[in-house]
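Taking it in order: structure first as structure tokens, then the write-up.
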Amino acid sequence: MTLTLTPSLVYALTGALLFAIGVAGLIVRTHLLRKILAFNVMGSGAFMVLVGLGQRAGISDPVPQAMVLTGIVVAVAATALALALSRHLLLLTGNMHLPENDPDA
Amino acid sequence: MHDLSLHAIAWLILLPLAWASAAFLLGPGRGAGLAVIGLALQLLLAISLAVGVVDQGPLAYQVGGWGAPLGIDLLADGLSSVMLLLTQVVALPLALYAHAYFSQNPKGVTWFWPLVGYLVAAMNALFLSADAFNIYVTLELVGLAAVGLVAVAGGVGPVTAALRYLLTTLLGSGAYLLGVALLYGTYGTVSLEVLGPLIAEQAPLAVAMAGALMLFGMLLKTALFPFHFWLPPAHGGAPAPVSAILSALVIKASFYLVVRFWLSIFEPLTDYAVAQLLGLFGAGAVLWGSLQALQQTRLKMLVAYSTVAQVGYLFLLFPLVTGTPEAAANSAVQGVIMQALAHGLAKAAMFTAAGAMVLSMERDDISRLGGLSSHMPQSLFAFGLAGVTLMGLPPSAGFLAKWLLIDAAIHSGQWGWIVMLIAGGLLTAAYVFKVLRQAFLQVEQDAHYRPLPRMLEWVPLVLALASLALGVRASEIILLTGVR
Amino acid sequence: MQTATLAFDLLLSAALIWSAIRAITVADLFRAVVMFIVFGLLVALVWARLDAPDIALAEAAIGAGLTGALLLDAVGHLRAIQLVREKKEGRR
Amino acid sequence: MTAMRALLVILLCSAFGAALVYAILQLPPQAVDLPQQVSANIDESGVAHPVTAVLLNFRGYDTMLEVAVLLLALLGVLAGTSVEKRRRAAGERPTLPLLRGFTRLIVPLMVLVAGYLLWAGSSMPGGAFQAGAVVAGAGVLLHLARLLPAWATPNLMQRWGLAIGFLVFLAFAALPALQDGSTMLQYPLAWAGALILLIEAGLTLSLGLLLAGLFLCLSDDGMEFEK
Chain W
369 MTLTLTPSLV YALTGALLFA IGVAGLIVRT HLLRKILAFN VMGSGAFMVL
419 VGLGQRAGIS DPVPQAMVLT GIVVAVAATA LALALSRHLL LLTGNMHLPE
469 NDPDA
Chain R
7 MHDLSLHAIA WLILLPLAWA SAAFLLGPGR GAGLAVIGLA LQLLLAISLA
57 VGVVDQGPLA YQVGGWGAPL GIDLLADGLS SVMLLLTQVV ALPLALYAHA
107 YFSQNPKGVT WFWPLVGYLV AAMNALFLSA DAFNIYVTLE LVGLAAVGLV
157 AVAGGVGPVT AALRYLLTTL LGSGAYLLGV ALLYGTYGTV SLEVLGPLIA
207 EQAPLAVAMA GALMLFGMLL KTALFPFHFW LPPAHGGAPA PVSAILSALV
257 IKASFYLVVR FWLSIFEPLT DYAVAQLLGL FGAGAVLWGS LQALQQTRLK
307 MLVAYSTVAQ VGYLFLLFPL VTGTPEAAAN SAVQGVIMQA LAHGLAKAAM
357 FTAAGAMVLS MERDDISRLG GLSSHMPQSL FAFGLAGVTL MGLPPSAGFL
407 AKWLLIDAAI HSGQWGWIVM LIAGGLLTAA YVFKVLRQAF LQVEQDAHYR
457 PLPRMLEWVP LVLALASLAL GVRASEIILL TGVR
Chain P
685 MQTATLAFDL LLSAALIWSA IRAITVADLF RAVVMFIVFG LLVALVWARL
735 DAPDIALAEA AIGAGLTGAL LLDAVGHLRA IQLVREKKEG RR
Chain A
3 MTAMRALLVI LLCSAFGAAL VYAILQLPPQ AVDLPQQVSA NIDESGVAHP
53 VTAVLLNFRG YDTMLEVAVL LLALLGVLAG TSVEKRRRAA GERPTLPLLR
103 GFTRLIVPLM VLVAGYLLWA GSSMPGGAFQ AGAVVAGAGV LLHLARLLPA
153 WATPNLMQRW GLAIGFLVFL AFAALPALQD GSTMLQYPLA WAGALILLIE
203 AGLTLSLGLL LAGLFLCLSD DGMEFEK
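Going down the list, the protein sequences come from chains W, R, P and A.
Residues 369 to 473 (the numbering used here) are what the first sequence spells out, left to right.
Residues 7 to 490 (the numbering used here) are what the second sequence spells out, left to right.
Residues 685 to 776 (the numbering used here) are what the third sequence spells out, left to right.
Residues 3 to 229 (the numbering used here) are what the fourth sequence spells out, left to right.
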């Protein structure tokens, strides 16, 4: 392989690993705050793949950069909504875990 | 004519954004009138767009005038026009229903109208987008709006359901986003139009992974068995108008994307084994969803599990179009679109009818339905008619859908799926009759019913009749879906 | 020169992965959130390395700052409520 | 979740991560050169900074929808939490004089910085997002210093503030869509720079209020529970 390890490529690969870590955390951890943390790790990973891969030729690319700016705002919006619901659940049940079986189901 | 159709593309997105924002400015609980006027105009726009697409073929629209790949392109073809029609046709009566529903049961109306407006705008934008990253943004809009609507009811059940839904939908759009990142990384563009030929020419492993990630994300959001766990509590626990929108329309948005991607840019990568697996998941959905529906004690949960089952039929598309003769593939696409439309109308009818019954009985319990046949015959009739469509009996659109799917299965020599289609119809009949039988039992002595506005009984009936009428006047729809 | 920057990039990557794993696994929630804020700041550093100062600014302010503030507030809230619960149970 | 299932998920995710790394290392060069197209068209975009050009012109449609996402999240936060639980006066907790003094000093400075970032965005890094984030930071700080109460339901003025950025954007998307021969969000060349600055000014205010609003709506709820 004649591939050179540019900084962009290094961070794209790191992003891929962060995404996998985030997904595992999102599924495995049961506390809602952990899930929200893991979701943010997952998102950052995807953003790093987007910019890192886009720039792997070594040229700065404004298109994925603008996409990631959009993505960061979407991520904080989703985080706030998830926190609002988690806090509501906390008030109703006294903890921040999703029950294994739904109370109504 | 040409210009009118192009304008329709822009205004199908701008108009709902405008009335949703206006409803937000008006304040909590306001905006029903705006929504009805806006949705009526959108219906006209969707019709004019469909006419334009039939006359002139697919229409492209360059947002900002730049053109892909620098800018974002929108595209209206047969498939997107049909989905747009379904969305406006279902959303308009649901808005009337919701207005009446919340007048009886104001809990949850606070920000309902702006949420619904943004949801409809997002779905219209999704159906029209021809840009993979733009689709990601619309997906997030759809997801957050839908979760917000589930949460409006409050209480442990709905909040838990909303959270589960939110986390699932975020995982789904995260997977989709990584797919987009890999596509951009490989080719340097996210325009579907530009990507198509590039993928056909050369597709490294990363692109196959992108396809798998996007497919996985959309399966989660469509709640295909075995990824359906989040759907029943979310759809069953929300206020009835919300349940109807979610079941009839929202899950179709992510399904539409599966179809869109599978039939266009990822077509060169489609795989026989994956297609068969998707078909098997579909069969599992029909079986599991129907059996669960039969076991439910609450009416709205029964209807929600019915959605899990009905989603299964949609995924027969994949084994029926992958590596099959063209005639079979065409029938399969038509059949699946017809099933999506039939289910959209019938499920909206069923949820609204169920909602009216539950509101009138003031509890959600199938075993207490006795006597409803004499008290709410119209709602019950609507429920039964919707059941006819879901079972796939003639002359409904559901019948036509199954007929087309069976035709596709015969022409591709895949007999197993026919067994599944027929078994699914019988199972559907079982859970529909479970409800109807209870409703025709003797009146209970202590039963008392709350009088309801007529609108709550008319809307389900109109929707159910539409699901039948669609079967009679299907040739136009089939003509439209053929435009690619 | 080349190896020096590569070493820095690899080190930063390792720190990112370590802080991400810590944020998800560390037992104490407050420390997990602090770890997450560290993670966010490291990500901002990555954007600076990737010649994306716009994202670096936004990430530091929104990704680490605002998200961190929201999470810290939630942890504080959770602790307050758990404290009340424990008191109530102690009284019984 | 049982330990077995957790282990399985972790194993699957590890395998997935490894496969992803392997796939990324095999990528051929990109076929489309978008950075080149951006620089070729930047003179017609109305701004000199490429990221701002993409964000507010070439892919401005994404950005418009994204502001809607933020508005929607706030609606979801408002819809998902009950009003009664959120009501609480700002003065009930101990006031912190030092923080107050600091905040009074720094907030005007932050507003200034936001204005600068907004202005700078057309030619260098910065713009509505960063400026909005700084405005939001000022809002959060004011709240922490008890100078700004938590929100229950936003009043009419606040709603206009929250929506104005989106509405300005939507108006400039809709105006060209009304005319034959131009499409939504197509700015006339001579006006593009001014329009983008106007849109960004609206966005700065609204993004700031929305981001701060997410915090202010969430903060302090549940204090009723304590009493």
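No residue lacks a Cβ here, since even glycine has one placed at the ideal position from N, Cα and C.
Since residue i contacts residue j with CB under 8 Å, what's their CB separation in whole angstroms?
{"i": "residue 410(R)", "j": "residue 341(R)", "result": "3 Å"}
{"i": "residue 320(R)", "j": "residue 345(R)", "result": "6 Å"}
{"i": "residue 65(R)", "j": "residue 59(R)", "result": "6 Å"}
{"i": "residue 393(R)", "j": "residue 292(R)", "result": "Not a contact, Cβ separation roughly 15 Å."}
{"i": "residue 100(R)", "j": "residue 251(R)", "result": "6 Å"}
{"i": "residue 708(P)", "j": "residue 409(W)", "result": "7 Å"}
{"i": "residue 103(R)", "j": "residue 247(R)", "result": "6 Å"}
{"i": "residue 212(R)", "j": "residue 25(A)", "result": "4 Å"}
{"i": "residue 213(A)", "j": "residue 756(P)", "result": "Between residue 756(P) and residue 213(A) the Cβ distance is about 16 Å, and since that is not below 8 Å, they are no contact."}
{"i": "residue 265(R)", "j": "residue 323(R)", "result": "7 Å"}
{"i": "residue 124(A)", "j": "residue 10(A)", "result": "Residue 124(A) to residue 10(A), Cβ: 52 Å. No contact."}
In whole angstroms, what separates the C-alpha of residue i from that of residue j?
{"i": "residue 30(R)", "j": "residue 81(A)", "result": "12 Å"}
{"i": "residue 307(R)", "j": "residue 37(A)", "result": "51 Å"}
{"i": "residue 383(R)", "j": "residue 377(R)", "result": "10 Å"}
{"i": "residue 438(R)", "j": "residue 405(W)", "result": "43 Å"}
{"i": "residue 462(R)", "j": "residue 402(R)", "result": "23 Å"}
{"i": "residue 191(R)", "j": "residue 14(A)", "result": "24 Å"}
{"i": "residue 286(R)", "j": "residue 328(R)", "result": "14 Å"}
{"i": "residue 697(P)", "j": "residue 379(W)", "result": "7 Å"}
{"i": "residue 67(A)", "j": "residue 253(R)", "result": "24 Å"}
{"i": "residue 203(R)", "j": "residue 384(W)", "result": "26 Å"}
{"i": "residue 276(R)", "j": "residue 729(P)", "result": "40 Å"}
{"i": "residue 727(P)", "j": "residue 734(P)", "result": "10 Å"}
{"i": "residue 407(W)", "j": "residue 390(W)", "result": "6 Å"}
{"i": "residue 171(R)", "j": "residue 195(R)", "result": "31 Å"}
Use the C-beta contact count for residue i: other C-beta atoms within 10 angstroms, 16 or more gives buried, fewer gives exposed.
{"i": "residue 771(P)", "result": "exposed"}
{"i": "residue 444(W)", "result": "buried"}
{"i": "residue 104(A)", "result": "exposed"}
{"i": "residue 440(W)", "result": "buried"}
{"i": "residue 448(R)", "result": "exposed"}
{"i": "residue 189(A)", "result": "buried"}
{"i": "residue 686(P)", "result": "exposed"}
{"i": "residue 693(P)", "result": "buried"}
{"i": "residue 278(R)", "result": "exposed"}
{"i": "residue 159(A)", "result": "exposed"}
{"i": "residue 373(R)", "result": "exposed"}
{"i": "residue 32(A)", "result": "buried"}
Counting only the same chain and skipping the five closest in sequence on each side, list residues whose C-beta sits under 8 Å from that of residue i.
{"i": "residue 124(R)", "result": "22, 23, 26, 147 and 151"}
{"i": "residue 186(A)", "result": "63, 175, 176, 178 and 179"}
{"i": "residue 386(W)", "result": "409, 410, 412, 413 and 416"}
{"i": "residue 719(P)", "result": "703, 706, 707 and 710"}
{"i": "residue 375(R)", "result": "305, 363, 367, 441, 444, 445 and 447"}
Between residue i and the rest of its own chain, which residues show a CB-CB distance below 6 Å, the 5 nearest in sequence each way excluded?
{"i": "residue 108(R)", "result": "115"}
{"i": "residue 714(P)", "result": "759"}
{"i": "residue 121(R)", "result": "151, 154 and 155"}
{"i": "residue 133(A)", "result": "116, 119, 120 and 206"}
{"i": "residue 392(W)", "result": "none"}
Got a sec: does the ligand PLP put a non-hydrogen atom nearer than 7 Å to the Cβ of residue i?
{"i": "residue 330(R)", "result": "Among the components modelled here there is no ligand, and therefore nothing to report on the ligand PLP."}
Tell me which same chain residues have a C-beta within less than 7 Å of the C-beta of residue i, skipping the five on either side of it?
{"i": "residue 89(A)", "result": "Low local confidence applies: a pLDDT of 47 at residue 89(A) is under 50, so the model's placement there is unreliable, with the coordinate-based value given in what follows. These residues qualify, in order along the chain: 154."}
{"i": "residue 167(R)", "result": "156, 239, 240 and 243"}
{"i": "residue 394(W)", "result": "403, 406, 407 and 410"}
When the Cβ atoms of the stretch 167-182 of chain A are set against those of the stretch 61-77 of chain A, are three or more pairs found closer than 8 Å?
-> yes
Is the stretch 331-345 of chain R touching the stretch 412-423 of chain R in the sense that three or more CB pairs, one from each, lie closer than 8 Å?
-> yes
Would you check if the stretch 34-53 of chain A and the stretch 152-166 of chain A touch, i.e. whether three or more CB-CB distances between them fall below 8 Å?
-> no
Check whether the stretch 29-48 of chain A touches the stretch 175-186 of chain A, taking contact to mean three or more Cβ pairs, one atom from each stretch, closer than 8 Å.
-> no
Just checking, does the stretch 124-133 of chain R make contact with the stretch 412-428 of chain W on the three C-beta pairs under 8 Å criterion?
-> no
Sufficient close CB pairs (3 or more, under 8 Å) joining the stretch 65-83 of chain R to the stretch 42-54 of chain R | no
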